[in-house]
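Numbering (our numbering), first residue to last: 3 to 303. Below: the structure, in structure tokens.
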């Protein structure tokens, strides 16, 4: 019987490089042996993983799902072998981290060069998305989340605070007036963030616990804070966004903060999340420690 893990490695390389010949070269085996491994894997599973032609291999639907499973299994095996055989203490391998889009562009991507200089054997895969993604299903090693954390099977380290700000461009306020009370927002063009339960359903929540809900309407809603920021700077309306989104525009005078009679919603903190059902690999611990280090002095700025 052919080694199952070698067969998985053949399948992974063939899927990534589009040919069994390339997979064979990567694994220092003959193309015939690579073909035998793929055949054995498909026979063992009882399904076809790849459509094969003389020009290129393409994954079947089952093959797409199985590819991710194989990657996780092989990665875990390789890390285990490295840990046992060499008793490694340095960070190595691919690190997959999922981060909110705007936050990642502003505060994570610019700091990755310094992390790579410190840990040159770690390959970072940065997933940028404002939509909440399941770490386990997505195969992520860790994630950064903003807000109050729901009960989960994940560990969390708090990185800092994330205050909310209500603001608008000076030209918008000159044309439409400056609201003084939270309830005044009902008469303004409010640009809402659709992925937030605090403002994505036609109301904006105020008070530390969101006890006051103000009905609002506007000519733009979006699933990304930077899109709303650009529209607000252009004078379209009022936005209600985390400080890390609007801070630069406020400092430059492109936006003006609104001092309302109700405090902004307490959005919660900034956290790094990671699975806790096993000891975190060195690469994961290295990134967590690095994030804690760079965000030690308060907020994300």
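Think of the CB as a built atom: it goes at the ideal place given N, C-alpha and C, for glycine as much as any other residue.
Buried or exposed: residue i, going by 16 or more other Cβ atoms within 10 Å of its Cβ?
| i | result |
| --- | --- |
| residue 269 | buried |
| residue 233 | buried |
| residue 79 | exposed |
| residue 322 | The requested residue 322 is not part of the displayed model; the chain covers only 3 to 303. |
| residue 40 | buried |
| residue 55 | exposed |
| residue 47 | exposed |
| residue 123 | exposed |
| residue 140 | exposed |
| residue 45 | exposed |
| residue 239 | buried |
| residue 286 | buried |
Given residue i, which residues of its chain have a CB within under 7 Å of its CB, disregarding the five upstream and five downstream residues?
| i | result |
| --- | --- |
| residue 296 | 113 |
| residue 294 | 159 and 161 |
| residue 2 | Residue 2 falls outside the range modelled here, since the chain spans only 3 to 303, and no answer is possible. |
| residue 88 | Per-residue confidence for residue 88 stands at a pLDDT of 40, beneath the threshold of 50, marking its modelled position as unreliable; no derived number is given. |
| residue 196 | 202, 223, 224 and 225 |
| residue 38 | 4 |
Excluding sequence positions up to five away, which residues of its chain have a Cβ less than 6 Å from the Cβ of residue i?
| i | result |
| --- | --- |
| residue 172 | 258 |
| residue 284 | 93 |
| residue 23 | 33 |
| residue 266 | 166 |
| residue 150 | 270 |
| residue 106 | 130 |
| residue 206 | 216, 218 and 242 |
| residue 224 | 230 |
Using the C-alpha atoms, what's the distance from residue j back to residue i?
| i | j | result |
| --- | --- | --- |
| residue 191 | residue 213 | 22 Å |
| residue 290 | residue 147 | 13 Å |
| residue 97 | residue 115 | 14 Å |
| residue 187 | residue 249 | 21 Å |
| residue 194 | residue 241 | 7 Å |
| residue 226 | residue 243 | 10 Å |
| residue 274 | residue 119 | 21 Å |
| residue 184 | residue 198 | 18 Å |
| residue 83 | residue 164 | 40 Å |
| residue 101 | residue 128 | 7 Å |
| residue 73 | residue 208 | 45 Å |
| residue 338 | residue 282 | Because the chain is modelled from 3 through 303, residue 338 falls outside the range shown and cannot be assessed. |
| residue 77 | residue 143 | 12 Å |
| residue 51 | residue 27 | 20 Å |
| residue 261 | residue 253 | 16 Å |
Tell me whether residue i sits in a helix, a strand or coil according to DSSP, three-state version.
| i | result |
| --- | --- |
| residue 53 | strand |
| residue 305 | Summary: the structure shown does not reach residue 305, with the chain confined to residues 3 through 303, and so no result is reported for it. |
| residue 209 | coil |
| residue 140 | helix |
| residue 70 | helix |
| residue 33 | helix |
| residue 8 | helix |
| residue 19 | helix |
| residue 228 | helix |
| residue 241 | strand |
| residue 48 | coil |
| residue 121 | coil |
| residue 1 | The structure shown does not extend to residue 1, since the chain is modelled only from 3 to 303, so the question has no answer here. |
| residue 189 | helix |
| residue 248 | helix |
| residue 179 | coil |
| residue 220 | coil |
| residue 287 | helix |
| residue 65 | helix |
| residue 102 | coil |
| residue 268 | coil |
| residue 145 | strand |
Leaving out the 5 sequence neighbours to the left and right, which residues in its chain are closer than 8 Å to residue i when beta-carbon positions are compared?
| i | result |
| --- | --- |
| residue 21 | 58 and 59 |
| residue 29 | 8, 11, 12, 15 and 36 |
| residue 210 | 265, 267 and 268 |
| residue 255 | 172 |
Notebook entry, point to check: How about the segment 67-76 and the segment 10-26: do they share at least three Cβ pairs that are nearer than 8 Å?
Noted result: These segments touch.
Margin query: Closer than 8 Å is the cut-off here; do at least three beta carbon pairs connect the segment 118-134 with the segment 50-64?
Written below: The segment 118-134 vs the segment 50-64: no contact.
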